[in-house]
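Note sheet for the following structure.
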Ligand code: NDP
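Numbering (my numbering), first residue to last: 507 to 750.
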């Protein structure tokens with residue numbers, strides 16, 4: 507995605523992968539060799555801790571996916587949250603949303619919904635990770651104590667369906683949820699997960715996580731170049747990565 511944007515905009519830059527063997531060395535390596543970087547699982551939270559400054563919603567999430575080198579300092583941002591929001595714009599105004607899962611991605615999405623005053627409920631298979639969301643003032647449930655209500659959007663943020671064919675909740679519960687929902691989206695991309703397949707059976711407009719991936723990249727690139735280019739232009743080039 508980034509290489510398509512760099513080439514399309516005719517910039518002198520390169521974007522490549524670096525394997526971080528020791529998470530503690532991230533800042534040292536980054537400041538020595540890079541102007542900008544994206545951080546992926548499982549380093550988003552440790553990167554947050556190492557930043558000299560975190561700007562925007564990353565502060566609330568406690569995780570960053572984008573790093574910028576500014577005056578010898580490592581500055582962190584989280585574009586996953588905004589990227590997700592942009593990816594569901596096509597569904598129109600959202601008032602009530604159900605997020606399934608309570609991991610890092612759920613934290614990012616829940617925070618951005620909260621910022622937009624969207625009523626958000628978290629549903630997770632176990633209790634352990636619900637405290638973060640409860641403290642944020644959101645409704646939190648496990649499968650056992652959950653009562654289905656009407657939702658504009660249901661989001662699967664679990665990894666159920668990523669490498670297996672499992673649903674993120676028991677089947678009957680998900681059927682009940684989809685019977686009361688307008689739209690469904692999965693953050694997993696390039697795969698018709700069982701979650702999305704069931705959403706289709708219920709005739710719900712739905713999408714996978716490819717646009718979230720695209721837009722978090724567009725927003726990161728925008729930060730790398732300090733808002734120099736139009737988002738539409740960056741998007742147009744990055745989209746080419748999905749066609750090749
Ligand atoms: P985490 O490991 O932080 O969280 C996983 C969550 O999923 C937990 O709440 C866990 O529940 C739940 N879970 C895992 N397996 C199952 C299952 N079989 N049934 C029900 N619940 C389950 O993961 P992340 O938030 O980091 O990532 C989640 C997904 O998001 C991944 O598939 C990843 O690929 C995708 N992703 C997509 C992005 C994009 O750009 N489209 C960006 C970032 C991530 P419990 O608490 O009970 O263990």
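For every residue, glycine included, the Cβ atom is placed at its ideal position computed from N, Cα and C. Note that this is a predicted model, so its numbers are computed, not measured.
| said: Taking contact to mean 3 or more Cβ pairs, one atom from each stretch, closer than 8 Å, check whether the segment 629-645 and the segment 599-614 are in contact. | reply: yes
| query | For residue 593, does the count of other Cβ atoms within 10 angstroms reach 16, so buried, or fall short, so exposed? | reply | buried
| query | Would you say residue 514 and residue 721 are within 9 Å of each other, going by their C-beta atoms? | reply | no
| residue 584: which of 590, 564, 568, 596 sits nearest, CA to CA? | 564
| Between the CA atoms of residue 558 and residue 655 - distance to the nearest angstrom | 43 Å
| query | At what residue ranges does the segment 632-660 contain a whole run of the beta strand (DSSP E), taking only runs of 3 or more? | reply | 645-648
| request: Check whether the segment 677-686 touches the segment 547-561, taking contact to mean three or more Cβ pairs, one atom from each stretch, closer than 8 Å. | output: no
| Test item: CB-CB of residue 730 and residue 535 under 9 Å | no
| Does any heavy atom of the ligand NAD sit closer than 8 Å to the C-beta of residue 610? | In the structure shown, the ligand NAD is absent; the only ligands present are the ligand NDP.
| query | For residue 556, which of 581, 700, 567, 739 has the nearest alpha-carbon? | reply | 581
| said: List, from N- to C-terminal side, the alpha helix (DSSP H) runs of 4 residues or more that fit wholly inside the segment 534-594. | reply: 550-556, 564-567, 586-593
| task | Run the CB neighbour count on residue 712, radius 10 Å, all protein chains shown included, and call it buried at 16 or more, exposed below. | result | buried
| Just how far apart, CA to CA, sit residue 707 and residue 737? | 35 Å
| field | Start-to-end residues for the alpha helix (DSSP H) that takes in residue 689 | value | Counting along the chain, residue 689 falls outside any alpha helix (DSSP H), though it belongs to the beta strand (DSSP E) covering 687-692.
| query | Which residue from 627, 562, 633, 716 puts its Cα closest to that of residue 650? | reply | 633
| query | For the candidate residues 508, 598, 696, 648, whose alpha-carbon lies nearest to that of residue 519? | reply | 508
| task | Give the range of the alpha helix (DSSP H) segment to which residue 630 is assigned. | result | Here residue 630 belongs to no alpha helix (DSSP H); instead the beta strand (DSSP E) covers 625-630.
| request: Report buried or exposed for residue 532, applying the criterion of at least 16 other Cβ atoms within 10 angstroms of its Cβ. | output: buried
| task | State buried or exposed for residue 630, treating a residue as buried only when at least 16 other CB atoms are found within 10 Å of its CB. | result | buried
| Own chain, CB closer than 7 Å to residue 715, minus 5 neighbours either side, in chain order | 692, 693, 694, 695
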